[in-house]
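To keep things clear, I will list the structure first and then write my remarks on it.
As structure tokens, this is what we get:
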């Protein structure tokens with residue numbers, strides 16, 4: 001006969017092995033999960049930071065051993081200011097607790113902070129001046145563009161107005177200009193002024209908005225008409 005005491009563990013072990021294997025698999029998945037890996041990463045980072053802080057605490061001894069006191073003081077002052085800017089307050093606490101931190105170190109820290117602030121202020125001023133110059137250049141360009149566009153609009157408007165003048169009106173304008181030019185030549189001749197000079201044609205042309213050649217042609221005809229007839 002089969003022993004019940006011996007048979008019972010045998011059957012139990014055959015049924016419990018898959019459950020035990022499943023339990024081991026779940027634990028392995030848990031160990032490999034993102035939360036576990038993240039926690040291990042944070043732990044390792046914390047240990048590394050603590051080790052770094054310990055090394056930072058011994059940094060003043062190394063600097064004063066390898067450099068002059070003045071140079072080491074300047075370097076530590078710069079390091080303290082940078083740690084404050086980066087919000088590494090634990091590092092600042094480690095450095096100021098060192099025996100080398102005294103009145104000279106505090107003065108160096110203040111001087112470095114002032115110099116750093118002054119440099120940042122000068123940089124901000126330079127950037128502001130560049131921005132102002134860029135705005136002025138843009139404003140000058142817009143003004144020049146607006147003036148050029150206004151001149152072009154006036155020119156186009158004058159051109160359209162000239163195109164609307166009919167042939168009869170143009171003829172009347174030309175006749176009026178002709179009479180004005182002849183009256184001016186007559187006035188000059190009557191008053192003894194020069195009317196034959198080279199600049200007279202240009203002056204009258206600019207005055208009455210005609211070409212110098214047109215003035216010379218009118219003057220030639222005017223002179224011919226003004227000469228007395230020859231007697232036989």
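Numbering (UniProt numbering), first residue to last: 1 to 232. Note that beta-carbon positions come from the ideal geometry of N, C-alpha and C, so glycine has one too.
Asked                                                                                                                                                                      : Found
Let me know if residue 73 comes out buried or exposed under the rule of 16 or more other beta-carbons within 10 Å of its beta-carbon.                                      : buried
By a C-beta neighbour count over all protein chains shown, 10 Å radius and 16 as the cutoff for buried, is residue 162 buried or exposed?                                  : exposed
Within 10 angstroms of the Cβ of residue 225, are there 16 or more other Cβ atoms? Answer buried if so, exposed if not.                                                    : exposed
Is residue 210 helix, strand or coil by DSSP?                                                                                                                              : coil
For residue 83, collect the residues of the same chain with a Cβ closer than 6 Å to its Cβ; drop the 5 residues on either side in sequence, then sort them by chain order. : 91 and 92
Report buried or exposed for residue 196, applying the criterion of at least 16 other Cβ atoms within 10 angstroms of its Cβ.                                              : exposed
What is the DSSP secondary structure of residue 217, reduced to helix, strand or coil?                                                                                     : helix
Looking only at its chain, what residues have a beta carbon closer than 8 Å to the beta carbon of residue 216, apart from the 5 residues adjacent to it on each side?      : 201
Looking at the secondary structure, which residues open and close the alpha helix (DSSP H) in which residue 193 lies?                                                      : Segment: none, residue 193 is in no alpha helix (DSSP H) and carries neither H nor E.
Is it the case that the Cβ atoms of residue 211 and residue 205 are separated by a distance below 8 Å?                                                                     : yes
For the 8 Å Cβ check, are there 3 or more pairs between the stretch 100 to 109 and the stretch 75 to 82?                                                                   : yes
If you reduce the DSSP assignment to three classes, tell me which class residue 179 lands in.                                                                              : helix
For residue 184 and chain C, any beta-carbon pair shorter than 8 Å?                                                                                                        : Protein chains in the displayed structure number just one, and chain C is not present.
DSSP on residue 90, reduced to helix/strand/coil?                                                                                                                          : helix
May I ask you to report which of helix, strand or coil DSSP gives residue 160?                                                                                             : helix
When the Cα atoms are used, what is the spatial distance from residue 87 to residue 131?                                                                                   : 31 Å
Note down the Cα distance separating residue 155 from residue 149, rounded to an integer number of angstroms.                                                              : 10 Å
Assuming residue 219 and residue 185 make a contact with CB atoms under 8 Å, what is their CB distance in whole Å?                                                         : 6 Å
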